[in-house]
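Student:
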Amino acid sequence: MVHKGDLVAIGISVGLALGILLASLVFFGLRWYKKRANLRRCSNERSVTVLPIRTNGLGTSTDFSASLSNPIAVQGPEYHQKSSPNSWWSLHSKDHFASASGLPKYSYKDVQKATQTFTTILGEGSFGPVYKATMPTGGVVAVKVLASNSHQGEKEFHTEVCLLGRLHHRNLVNLVGYCVDKGQRMLIYEFMSNGSLANILYSEGQSLSWEATMSPDGVDEILDNQLVGKCKIEEVRELAKIAHKCLHNSPRKRPSIGEVTQAILKIKQRRLAKEDTMSLAEGDFSRIMSRIQDQHIELTKLASLKETS
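So the sequence shown is numbered by the UniProt record's numbering: it starts at 1 and just counts up by one.
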């Protein structure tokens with residue numbers, strides 16, 4: 001015969017189990033709802049079908065369609081034909097990603113045609129070669145083909161594209177598209193017509209002026225041309241010495257932020273002291289000149305009185 005205490009214990013246990021189960025269902029339901037709402041909001045904000053690209057960089061107003069020949073437009077789930085559940089889910093995820101990133105996706109055939117079968121190479125880095133691609137409308141972009149031996153998966157690549165698509169800065173090259181086709185992963189950037197930084201720094205065609213060539217310590221080479229004639233070269237040399245110490249190979253020999261600040265303050269204090277001295281000298285000179293003028297006026301008055309007498 002079951003005791004009354006056992007029935008109470010069983011009831012409490014069943015109640016706790018049901019409460020925990022109900023709380024778990026509510027928790028996971030809220031998480032699923034928030035995640036879906038966030039994805040829907042991101043899709044609404046980022047959804048585009050064709051991305052306009054400037055033909056001559058950021059400073060121009062001539063735009064053209066980002067499509068090469070047959071752009072893959074961002075479309076919703078209604079675009080897909082009936083297929084197996086797994087393939088439908090894969091296509092749905094890819095389209096949702098393209099909509100959320102706000103970047104158009106290109107086919108391998110279109111990129112191959114725009115790069116003349118990948119013969120217009122601009123350079124090659126640790127992540128792969130970069131090619132110059134010409135659009136049918138005449139616009140130019142740069143295509144970075146990621147190395148095939150990269151350990152980056154498709155999910156990581158999509159995450160990188162999504163982040164780069166949202167990153168915009170005047171000193172960064174904008175990402176305008178991507179390609180994931182035939183086992184290749186490509187990033188499409190705006191084309192910089194001025195060349196690479198390495199060409200500007202190390203090209204033989206870049207020549208220095210006579211003053212910069214004859215500079216004994218190379219300060220003229222790092223000085224901005226807009227500051228020429230507007231600053232004192234001695235102060236620039238002192239600042240360059242401080243910066244050089246900050247680049248020492250041994251971190252222990254690099255100055256601290258406090259030491260750098262004190263050195264810059266000393267330079268500023270010396271400049272202010274010189275300006276005060278010059279202002280005092282100018283004030284003394286002006287007072288002396290005014291006294292000379294007053295004496296000259298008095299002498300002329302005395303001379304005129306003697307002549308009249």
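Built from N, CA and C at the ideal position, the CB exists for glycine as well. What you are looking at is a predicted structure, and each value in this text was computed from that prediction instead of being measured.
Rounded to whole angstroms, what's the CA-CA distance from I121 to P104? Just pull it up for me.
Tutor: Locating residue 121 in the sequence shown gives position 121, counting from the first residue. Locating residue 104 in the sequence shown gives position 104, counting from the first residue. Between I121 and P104, the C-alpha separation is close to 23 Å.
Student: Around the C-beta of T117, are 16 or more other C-beta atoms found within 10 angstroms, so that it is buried, or is it exposed?
Tutor: Counting from 1 along the sequence shown, the entry for residue 117 is found at position 117. Burial call: exposed.
Student: Would V141 pass as a contact of A133 if the rule is Cβ separation under 8 Å?
Tutor: Translated into positions along the sequence shown, residue 141 becomes position 141. Translated into positions along the sequence shown, residue 133 becomes position 133. In contact: V141 and A133 (Cβ atoms closer than 8 Å).
Student: Run the CB neighbour count on V130, radius 10 Å, all protein chains shown included, and call it buried at 16 or more, exposed below.
Tutor: The residue labelled residue 130 in the question sits at position 130 within the sequence shown. The residue in question, V130, is buried, as its Cβ has 16 or more Cβ neighbours within 10 Å.
Student: DSSP state of R254, grouped into three classes?
Tutor: For the purposes of this step, residue 254 is taken as residue 254 along the sequence shown, with counting starting at 1. The answer is coil: DSSP assigns R254 none of H, G, I, E or B.
Student: Jot down the residue ranges of each uninterrupted alpha helix (DSSP H) in the segment 120-204, minimum 4 residues, whole runs only, in chain order.
Tutor: Listed in chain order, the complete alpha helix (DSSP H) runs (minimum 4 residues) inside the segment 120-204 are 154-166, 197-202.
Student: Once DSSP output is grouped into helix, strand and coil, what is the label at K241?
Tutor: By 1-based counting over the sequence shown, the position of residue 241 is 241. Residue state, collapsed to three classes: helix.
Student: Looking at the unbroken alpha helix (DSSP H) that takes in V111, where does it start and where does it end?
Tutor: Position 111 of the sequence shown, counting from 1, holds the residue named residue 111. 108-114 is the extent of the alpha helix (DSSP H) around V111.
Student: Should E259 be labelled buried (16 or more other beta-carbon atoms within 10 Å of its own) or exposed?
Tutor: In the sequence shown, counting from the first residue as 1, residue 259 sits at position 259. So E259 counts as exposed.
Student: With the cut-off set at 8 Å, would you say K144 and L187 are in Cβ contact?
Tutor: Taking the sequence shown and counting its residues from 1, one reaches residue 144 at position 144. Taking the sequence shown and counting its residues from 1, one reaches residue 187 at position 187. Their beta carbons are under 8 Å apart, which means K144 touches L187 by this criterion.
Student: By Cβ distance, which residues of its chain are closer than 7 Å to D6, with the 5 residues on each side in sequence left out?
Tutor: Within the sequence shown, the letter at position 6 stands for residue 6. None.
Student: So for K230, helix, strand or coil by DSSP?
Tutor: Locating residue 230 in the sequence shown gives position 230, counting from the first residue. In this structure, K230 counts as coil in the three-state DSSP scheme.
Student: To the nearest angstrom, report how far apart G19 and H158 are at their CA atoms.
Tutor: Start at 1 with the first residue of the sequence shown, and residue 19 comes out as number 19. Start at 1 with the first residue of the sequence shown, and residue 158 comes out as number 158. Distance between the alpha carbons of G19 and H158: 40 Å.
Student: Where does T115 land, buried or exposed, given buried means 16+ other C-beta within 10 angstroms?
Tutor: The residue given as residue 115 occupies position 115 in the sequence shown. Buried: at least 16 other Cβ atoms inside 10 Å.
Student: So, is D224 buried or exposed, given that buried needs 16 or more other C-beta atoms within 10 angstroms?
Tutor: Numbered from 1 along the sequence shown, position 224 holds the residue referred to as residue 224. Exposed: under 16 other Cβ atoms inside 10 Å.
Student: Just confirm the distance between the C-beta atoms of G177 and Y106, as a whole number of angstroms; I'd bet it's less than 8 Å.
Tutor: Your numbering for residue 177 matches position 177 in the sequence shown. Your numbering for residue 106 matches position 106 in the sequence shown. Indeed, because the Cβ distance is near 6 Å, the residues count as touching under 8 Å.
Student: Could you work out which residue in Q112, L167, D110 is closest to G102 when comparing CA atoms only?
Tutor: In the sequence shown, counting from the first residue as 1, residue 102 sits at position 102. It is L167.
Student: Bridge partners for K274 per DSSP, in chain order?
Tutor: Residue numbering aside, residue 274 sits at position 274 when the sequence shown is read from its first letter. BP columns for K274 are empty, so no partner.
Student: I'd like to check one pair, R271 with E235: are the Cβ atoms closer than 8 Å?
Tutor: Mapped onto the sequence shown, residue 235 falls at position 235. Mapped onto the sequence shown, residue 271 falls at position 271. Yes, Cβ-Cβ distance for E235 and R271 is below 8 Å.
Student: Given L239, which residues of its chain have a CB within under 8 Å of its CB, disregarding the five upstream and five downstream residues?
Tutor: Along the sequence shown, one-based indexing puts residue 239 at 239. Taken in chain order, the residues that qualify are I264, I267.
Student: Among L21, M289, E190, which has the Cα closest to the Cα of N174?
Tutor: Position 174 of the sequence shown, counted from the start, is the residue given in the question as residue 174. For the residues L21, M289, E190, the minimum Cα distance to N174 belongs to E190.
Student: Report all residues from its chain with a CB closer than 7 Å to the CB of V128; omit the five preceding and five following residues, and keep chain order.
Tutor: Here residue 128 refers to the residue found at position 128 when the sequence shown is read from its first residue. Before going on, a small fix: residue 128 reads as Gly here, not Val. Cβ neighbours of G128 beyond the five flanking positions: K144, V145, L146, A147.
Student: Alpha carbon to alpha carbon, how far is Q226 from R237? Give it in angstroms, no decimals.
Tutor: Along the sequence shown, one-based indexing puts residue 237 at 237. Along the sequence shown, one-based indexing puts residue 226 at 226. Approximately 17 Å between the Cα atoms of the pair.
Student: Can a CB atom of chain C be found closer than 8 Å to the CB of V180?
Tutor: Here chain C cannot be found, since the structure has a single protein chain.
Student: In angstroms with no decimal places, state the Cα-to-Cα distance between R254 and L172.
Tutor: Within the sequence shown, residue 254 is the residue found at index 254, counting from 1. Within the sequence shown, residue 172 is the residue found at index 172, counting from 1. Cα to Cα, R254 sits roughly 30 Å from L172.
Student: Tell me the DSSP bridge mates of K34?
Tutor: Here residue 34 refers to the residue found at position 34 when the sequence shown is read from its first residue. Answer by DSSP bridge pairing: none, since K34 is not bridged.
Student: According to the neighbour-count rule (16 or more other Cβ atoms, all chains shown, within 10 Å of its Cβ), is Q295 buried or exposed?
Tutor: Counted from its first residue, the sequence shown places residue 295 at position 295. Exposed, because fewer than 16 other Cβ atoms sit within 10 Å of the Cβ of Q295.
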